[in-house]
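Reviewing the structure listed below.
Residue numbers (this note's numbering): 1 to 674.
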């Protein structure tokens with residue numbers, strides 16, 4: 001019997017695929033990438049055509065040995081990694097490291113892990129897409145060059161542990177720009193005025209929309225004198241001047257892409273982008289159901305809204321049986337992807353089978369899996385349904401130079417909104433008001449009984465949350481579906497931003513780094529250039545441009561900025577007027593990877609006084625303490641795990657005392673951040 005080796009990148013994926021293939025196939029996982037650029041050196045030979053030096057990741061050496069052993073007895077090797085740039089890169093690394101000749105290599109590509117999809121992919125294998133591999137290599141080289149060339153300058157001039165990145169830095173700039181807008185914002189006071197009118201059919205509440213003959217924009221009264229004038233109208237008769245009904249079609253949303261899934265999951269479920277993708281990957285790679293193990297959704301890294309015709313046909317069949325034929329559009333919906341470089345061979349994120357209804361498998365899913373699957377199933381089904389039809393009723397009441405307006409809307413045709421029970425409930429509540437307004441006759445009178453005035457202030461632009469940041473990144477062409485999570489996680493890990501009640505709040509060190517990069521590396525922080533570079537990577541994948549050409553063109557501009565920054569970038573350190581309480585020397589302001597801090601200008605050997613700042617602007621002040629082991633002065637430090645006292649005799653003495661627990665101490669090496 002012939003033996004075939006199948007290599008995927010995930011053990012969960014391997015477990016699911018194993019159910020669909022015969023015994024002649026051995027399925028193994030590479031556990032992600034098995035090769036990468038070296039950690040301690042650049043690994044890209046700029047002078048020799050930007051040749052990259054890939055090596056086996058140390059932690060993967062045993063795994064590689066197992067893969068090589070398994071390959072010895074096999075006739076063919078099927079590389080079944082994901083069908084995107086990163087997946088093609090993993091497949092290429094496996095082929096290279098195992099020295100698999102072309103005639104023994106088979107590349108299988110699929111976008112859902114179901115029995116039918118897997119069997120079809122193995123019947124029709126393809127060749128390794130070397131253009132996609134080249135795009136992967138260019139992306140990896142660019143990221144390495146930017147990170148490894150700029151970061152050491154930041155360490156020298158600002159603080160150790162900082163980093164810059166090709167897509168990370170423009171994303172940080174977005175957050176910094178928004179923070180500066182918020183700071184510069186000056187609130188303006190305005191008032192909203194509502195009136196209760198007595199009519200023949202009951203009481204109607206309406207908002208002030210015209211005063212002193214002038215329309216009030218957005219129903220916001222900015223002239224306080226109007227408030228006094230309007231009070232004089234209490235008890236006056238107004239006339240119903242207009243009673244209009246307008247209809248509006250509400251189109252269903254398109255199926256999810258990676259970006260819109262992350263946005264919606266953040267807004268509706270409160271999931272971070274990272275959590276969304278972890279759970280989505282679980283749904284994609286396979287879930288145990290009573291009838292067997294299967295993937296539940298299509299591939300979750302995509303910017304395409306295309307949908308397979310068979311999936312649409314199955315959705316229409318289910319919609320007709322559950323809701324009726326009237327909920328089906330006459331023509332099957334066709335959604336066009338906005339991204340110029342979207343891979344239309346990929347599909348939108350959808351359930352692999354619409355008849356796997358979320359409620360029917362809830363017991364087989366974790367709470368998070370159920371919520372996300374329900375969101376994806378509902379969105380896809382909605383995308384295949386009819387438009388909803390909304391009817392808006394508008395009544396305008398006037399007297400002299402003043403006017404009030406009452407508006408309410410109801411659904412005339414539920415359409416796709418039939419899937420969203422909360423929207424239907426709200427519609428039912430509005431129906432009573434709608435029917436009441438419908439009966440008001442034009443020219444009939446309405447008595448202004450009460451006036452309600454509320455004071456408000458204009459609000460600054462909101463802080464970015466993960467949903468709005470991902471939306472902006474996509475709109476500006478920064479990053480791709482596979483990178484949105486890593487962008488946000490890097491900003492959080494570097495403490496450039498913190499997550500607070502779903503908001504991404506800028507930290508001092510993030511603003512400092514962004515401003516320095518904007519000044520000395522405008523190429524890296526420029527949105528248009530970053531988007532153009534992303535497009536070039538797509539062009540490499542489409543064989544429109546060579547990998548060496550992209551790298552050479554980039555480095556030509558980048559090198560000029562790099563050499564200039566080495567000499568021109570200022571060291572961020574300044575002497576303050578604040579005196580050291582221990583020795584009287586002026587304190588010096590500096591930055592570490594954990595943010596701004598103050599230290600004594602007398603020098604570390606003379607005085608170890610330091611002040612750190614908390615996220616809310618408070619101060620961590622040190623107490624003068626002596627090492628319980630060697631009697632040297634203890635110095636306050638801050639690491640990722642929090643503040644602590646460390647012996648100033650480190651590394652000879654490794655004694656530490658947690659901040660706030662001065663009576664306790666332990667022997668461990670301090671995690672220095674500055």
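We treat Cβ as the ideally placed atom computed from N, Cα and C, and that holds for glycine.
Quick caveat: nothing in here was measured; it's all calculated off a predicted structure.
If we ignore side chains and look at the alpha-carbon of each, how far apart do residue i and residue j end up?
| i | j | result |
| --- | --- | --- |
| residue 215 | residue 390 | 26 Å |
| residue 578 | residue 602 | 13 Å |
| residue 156 | residue 63 | 38 Å |
| residue 506 | residue 243 | 49 Å |
| residue 340 | residue 481 | Note on residue 340: pLDDT 49, under 50, position unreliable in the model; the coordinate value appears next. Their backbone Cα atoms lie some 14 Å apart in a straight line. |
| residue 256 | residue 314 | 18 Å |
| residue 44 | residue 146 | 11 Å |
| residue 201 | residue 220 | 29 Å |
| residue 544 | residue 610 | 56 Å |
| residue 416 | residue 525 | 41 Å |
| residue 531 | residue 138 | 15 Å |
| residue 211 | residue 403 | 7 Å |
| residue 581 | residue 589 | 15 Å |
| residue 163 | residue 271 | 26 Å |
| residue 387 | residue 478 | 32 Å |
| residue 93 | residue 54 | 9 Å |
| residue 409 | residue 217 | 21 Å |
| residue 618 | residue 574 | 20 Å |
| residue 65 | residue 52 | 23 Å |
| residue 48 | residue 548 | 10 Å |
| residue 370 | residue 57 | 36 Å |
| residue 185 | residue 323 | 49 Å |
Taking buried to mean at least 16 other C-beta atoms within 10 Å of its own C-beta, is residue i buried or exposed?
| i | result |
| --- | --- |
| residue 333 | buried |
| residue 343 | In this prediction, residue 343 scores a pLDDT of 48, lower than 50, which makes its location untrustworthy; the coordinate-derived value is nonetheless stated afterwards. By the neighbour-count rule (16 or more Cβ atoms within 10 Å), residue 343 is buried. |
| residue 495 | buried |
| residue 551 | buried |
| residue 675 | This structure leaves residue 675 out entirely; the chain is present only between 1 and 674. |
| residue 560 | exposed |
| residue 514 | buried |
| residue 321 | exposed |
| residue 279 | buried |
| residue 319 | buried |
| residue 604 | exposed |
| residue 85 | buried |
| residue 118 | buried |
What residues in its chain sit with their C-beta under 6 Å from that of residue i, if we drop five residues either side in the sequence?
| i | result |
| --- | --- |
| residue 83 | 109 |
| residue 630 | 649, 653 |
| residue 378 | 419 |
| residue 527 | 170, 476 |
| residue 252 | 382, 383, 385, 416 |
| residue 213 | 401 |
| residue 337 | 304, 305 |
| residue 204 | 197, 406 |
| residue 259 | 470, 474 |
What does a CB cutoff of less than 8 Å around residue i pick up in its chain, not counting 5 residues either side in sequence?
| i | result |
| --- | --- |
| residue 182 | 460, 461, 463 |
| residue 491 | 168, 171, 172, 175, 497, 504, 510 |
| residue 16 | 113, 285, 286, 293, 294, 295 |
| residue 227 | 191, 193, 221, 453 |
| residue 364 | 287, 288, 289, 290 |
My assumption, with CB atoms under 8 Å, is that residue i sits in contact with residue j. Please give the rounded CB distance.
| i | j | result |
| --- | --- | --- |
| residue 95 | residue 79 | 7 Å |
| residue 508 | residue 624 | About 27 Å separates the two Cβ atoms, so there is no contact after all. |
| residue 598 | residue 576 | 7 Å |
| residue 558 | residue 517 | 12 Å between Cβ atoms; not a contact. |
In chain order, what residues of the same chain have a beta carbon less than 7 Å from the beta carbon of residue i, not counting five sequence neighbours either side?
| i | result |
| --- | --- |
| residue 465 | 266, 502, 503, 504 |
| residue 240 | 395, 397, 440, 441, 442, 443, 444, 446 |
| residue 351 | 296, 297, 376, 377, 380 |
Could you name the residues that DSSP lists as bridge partners for residue i?
| i | result |
| --- | --- |
| residue 657 | 645 |
| residue 494 | DSSP, once it has assigned bridges, lists no residue as partnering residue 494. |
| residue 351 | 297 |
| residue 206 | 195 |
| residue 455 | 191 |
| residue 393 | 245, 408 |
| residue 127 | According to DSSP, residue 127 bridges with nothing at all. |
| residue 591 | 596 |
| residue 733 | Since the first and last residues shown for the chain are 1 and 674, residue 733 lies out of range. |
| residue 613 | 619 |
Under 8 Å, Cβ to Cβ, is there at least one residue of chain C near residue i?
| i | result |
| --- | --- |
| residue 328 | In summary, chain C is missing from the structure at hand, where a single protein chain is found. |
Following a CB-centred definition, is residue i positioned closer than 7 Å to any heavy atom of the ligand NAD?
| i | result |
| --- | --- |
| residue 230 | No copy of the ligand NAD appears in this structure; indeed no ligand is present at all. |
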